[in-house]
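Worksheet: one structure, shown below.
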């Protein structure tokens, strides 16, 4: 049996029963749905021959972009039970208010394969979609097929080059945190790292290992512990670290929630921060300034990142060309009171 799409020359359409969709135009042209979306929205990145072939098919079939979009931006979370969700919503709302755009907040399960949430969102016809952490191939195809632009916020995995995203300099942040502890004189520096395979945590872990090696310090396997990005997981990881015969004098936690757990484990082990152990987090959530002692942490500008992602999504929704589809905002170290030089040996 021969596949009809592969047997038919690109640009030669079979007869269409029912309404013409962007997916049908893509199939007929032998290209992807995002490529057709680029042509429809006047965006670059398509060769002249391919653009002409797609435009001919659009005219041939009388395809028209869906005319109506609601005056809303769809903000999609995979997990709302996080302190940093508030920072993201704050940044989105600032931009939405300026443009007099409403914001609809949705939560899709991190491993949700059911089509209903995405179908419902497409039915609402938002101006654009801002998805936190991820947007699957199928979800991107569905949005593009319906002419809905999208941006991925702080992606957890590699994205195709033509997918718009806004993130932060995670590797640089991990390097800065580790350098800070080394500069204070610490040599046994532990890391409570995030789950492997998530891009932001992988970058922070890689930066820690690189910076330790660059300083001539060994990365002791017993001092690197993988944990979920939660208080409970940070606590469990730190309990193991503080039970070692040769415990670390400093801990770099891959997010602030883990750092909160490290604080609790230190108290239970009778260790004072920073006298007995220094702690550095990552994110600089508002709670970091309320801990006792206040947490030294890598500042990730979540609200500014969300604002930039919202501006990008709305610009794409207006059909504008943007100078770049990928944006990374700089991380910086906020030094507070949870780090100090280690105690002299003996």
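Residue numbers (this note's numbering): 28 to 373.
Backbone N, C-alpha and C define an ideal beta-carbon position, used for all residues, glycine too.
As the structure is a computational prediction, the values presented were derived from the model and not from experiment.
What does the Cβ neighbour count give for residue 71, buried or exposed, with the cut at 16 atoms within 10 Å? Counting from 1 along the chain shown, the entry for residue 71 is found at position 44. With fewer than 16 other Cβ atoms within 10 Å, it is exposed.
Taking just the CA atoms, how far does residue 217 sit from residue 202? On the chain shown, residue 202 is found 175 positions in, with the first residue counted as 1. On the chain shown, residue 217 is found 190 positions in, with the first residue counted as 1. Computed Cα separation, rounded: 14 Å.
Contact between the region 282 to 293 and the region 76 to 88 (3+ Cβ pairs under 8 Å): Verdict: no, contact absent.
Could you pull out every unbroken beta strand (DSSP E) segment of at least 3 residues lying fully inside the region 101 to 131, listed in chain order? Unbroken beta strand (DSSP E) runs of no fewer than 3 residues, entirely contained in the region 101 to 131, are not found.
Please classify residue 141: does DSSP put it in a helix, a strand, or coil? As a position in the chain shown, residue 141 is number 114, starting the count at 1. Residue placement at residue 141 is flagged as unreliable, the pLDDT there being 49, under the threshold of 50; a coordinate-derived value is accordingly withheld.
Under a three-way DSSP split, which group does residue 186 fall into? Locating residue 186 in the chain shown gives position 159, counting from the first residue. For residue 186, the three-state secondary structure derived from DSSP is coil.
How big is the Cα-Cα spacing for residue 130 and residue 244? If you number the chain shown from 1, residue 130 lands on position 103. If you number the chain shown from 1, residue 244 lands on position 217. So the two alpha carbons sit approximately 48 Å from each other.
Which of the three DSSP states, helix, strand or coil, is assigned to residue 158? The count along the chain shown starts at 1 and reaches residue 158 at position 131. Residue 158 falls in the strand class under three-state DSSP.
How would you label residue 114, buried or exposed, when you count the other beta carbons within 10 angstroms and need 16 or more for buried? The sequence position of residue 114 within the chain shown is 87, counting from 1. Answer is buried; the Cβ neighbour count reaches 16.
In angstroms with no decimal places, state the Cα-to-Cα distance between residue 111 and residue 88. Here residue 111 is taken as the residue at index 84 of the chain shown, counted from 1. Here residue 88 is taken as the residue at index 61 of the chain shown, counted from 1. Taking the straight line joining both Cα atoms gives about 46 Å.
Tell me where the alpha helix (DSSP H) around residue 80 begins and ends. One-based indexing of the chain shown puts residue 80 at position 53. Run containing residue 80: 75 to 88, per the alpha helix (DSSP H) assignment.
Secondary structure at residue 338, three-state DSSP: helix, strand or coil? The residue labelled residue 338 in the question sits at position 311 within the chain shown. It is helical.
DSSP three-state assignment for residue 207, whether helix, strand or coil: On the chain shown, position 180 is the one that residue 207 refers to. If DSSP states are grouped into helix, strand and coil, residue 207 belongs with the helices.
For residue 361 and residue 220, what's the separation of their Cα atoms in angstroms? In the chain shown, counting from the first residue as 1, residue 361 sits at position 334. In the chain shown, counting from the first residue as 1, residue 220 sits at position 193. In a straight line, the C-alpha of residue 361 is about 19 Å away from that of residue 220.
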